[in-house]
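Sequential numbering of the sequence shown, starting at -18, is according to my numbering.
Step one of this worksheet: look at the structure below.
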Amino acid sequence: MDELARRDESVRALFAEMQASSFAHANTYVTVIVFGAYAGLFAIWSNVKERLSADMVYWTGLLIGLSMMCFVAFEIFKMVVVSRDMMAMRSLIVVDMSPEERDQRKKKLSASANYFINKVVIPIWVITLAVTGITGFGAAVLLMTAFIQGLAKA
């Protein structure tokens, strides 16, 4: 492998690692925001539920339920991926090997994990985020409409 190809491979590995790290931070931030949004939705829903028509209650419940199911399904998927990666990295601790072999195995495992995150997890996260956001926002629009109508009548 010539020097340019070696450098290119090194840069690509660095970018993959940076993207995986950025994903971890972004995912944590989004999780906090989504939990706050759900808390707000349930607070509004509890204040206007008795003023909603049966159809609005069902539609709001359906949208919130879909949003939460999508969010929880992704979190479970992410937990499985992280557990798989942790079990793979465990071999670096429990298996006897030379330092050079351990270093090579660590690089290989890290590259594999970063590749999976970049090619599979991040695209699924983007889709999940869109579905979770759209359905949650739809429920919020229904609730806010009822809330505003209640204020207008007051």
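The C-beta atom is built at its ideal place from N, Cα and C for all residues, glycine as well.
For clarity, every value in this text was computed on a predicted model and none was experimentally measured.
query: Residue 28, buried or exposed, once every other Cβ within 10 Å from all chains shown has been counted against 16; result: exposed
query: Spatial neighbours of residue 1 in its chain, beta-carbon cut-off 8 angstroms, leaving aside the 5 residues before and after; result: 94, 95, 98, 99
query: Straight-line Cα distance separating residue 89 from residue -16; result: 20 angstroms
query: Whole-angstrom distance between residue 79 and residue 52, CA atom to CA atom; result: 42 angstroms
query: Spatial distance of residue 115 from residue 47 (CA atoms); result: 10 angstroms
query: Cutoff 8 angstroms; reference residue 110; Cβ partners in own chain excluding five residues on either side; result: 11
query: Cβ-based neighbour list, residue 55, same chain, cut-off 6 angstroms, excluding 5 preceding and 5 following; result: 109
query: Cα-Cα separation, residue 14 to residue -9; result: 35 angstroms
query: Minimum C-alpha distance to residue 120 - residue among 5, 22, -14; result: 22
query: Enclosing alpha helix (DSSP H) for residue 74 [first to last residue]; result: 35 to 75
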